[in-house]
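Visitor: Following this note's numbering, the numbering of the sequence shown begins with 14 at its first residue and continues without gaps.
Don't be surprised by glycine CBs; every beta carbon is placed ideally from N, CA and C.
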Amino acid sequence: PKPVPTTTVDNPGWSSVYRSLFAASVGWVVYACSVGYGGIITEFLSWSGWVPLSRLSYAAYLVHMIIIRVYSMSQKTVMFASVADRTFMSLSFICLTFLFAFVAAIMVEIPFNELEKLIFPRARGRQDGSTGTPVGVKGGNDAVPVHDPGKQTKDVDEHNAKALDPDGSEEILVQKKQN
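1) In this structure, does DSSP put F94 in helix, strand or coil?
2) Would I123 pass as a contact of F106 if the rule is Cβ separation under 9 angstroms?
3) Between the alpha carbons of V116 and K89, how many angstroms are there, rounded?
4) Who are the near neighbours of V76 in its chain, counting only those whose CB is closer than 8 angstroms to its CB and skipping five residues on each side?
5) How should L66 be labelled, buried or exposed, when 16 other C-beta atoms within 10 angstroms of its C-beta is the threshold for buried?
6) Using only the alpha-carbon positions, how far apart do L69 and N126 sit?
7) Below 8 angstroms on the Cβ atoms is my contact criterion, and I expect I53 with C46 to pass it. Report the Cβ-Cβ distance as a whole number of Å.
8) Between which residues of its own chain and Y74 is the CB-CB distance below 7 angstroms, once the five residues before and five after are set aside?
9) If I follow the unbroken alpha helix (DSSP H) through W41, where does it start and stop?
10) Please state the DSSP three-state secondary structure of P14.
11) One question on the structure: do M92 and S103 come within less than 9 angstroms of each other, judged by their Cβ atoms?
12) Quick one: give me the first and last residue of the alpha helix (DSSP H) that M86 is part of.
13) Could you tell me the boundaries of the alpha helix (DSSP H) in which F125 lies?
14) Between A72 and the rest of its own chain, which residues show a CB-CB distance below 7 angstroms, the 5 nearest in sequence each way excluded?
15) Go to I54, then tell me how far its alpha helix (DSSP H) extends in each direction, as first and last residue.
16) Excluding the 5 residues preceding and the 5 following L128 in the sequence, name in chain order all residues of the same chain whose CB lies nearer than 7 angstroms to its CB.
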């Protein structure tokens, strides 16, 4: 018998690495976008039109299999696959999924998020409530008290100093205590 030629998809070598290559590719796009080399991809992924869908994505993840299962279990006959049928079904599933995700978010997710905010209030902003100055500032004997001795400051003049903000991501200008 003649050997059957395989395509790239059927090749065992490709089958063993394609998922890892896909994950590495997505990781590279995320990395490139986060360090500023994403260009038009960063602009596309940062588009404000994605915000409503991103807020519904977890609820959509939870309800999509229920919608697909209800549809498939309600079929009385064998389903035949064509590109048009699968495209129509996929778009229908996406629309129904986000419709039900919206309902689930309104009925469950948003009320529980508000309840969580009431039960566990979070500190607002980056300021210490007692002094009105950023937490974690180090500036010598005449500066605001230090909460984290590892933070570094640079003196700018006799009234101000530069310090790392509490999460260490950027320098902030702080006012020294006046004697």
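Guide: Checking against the coordinates, here is how it stands:
1) Looking at the sequence itself, residue 94 is Ala, so the reference to Phe does not match. Coil at A94, not helix or strand.
2) no
3) 28 angstroms
4) T110, F113, A114, A117
5) exposed
6) 14 angstroms
7) About 10 angstroms separates the two Cβ atoms, so there is no contact after all.
8) none
9) 25-47
10) coil
11) no
12) 64-87
13) 123-132
14) A114, A117, A118, E122
15) 53-58
16) none
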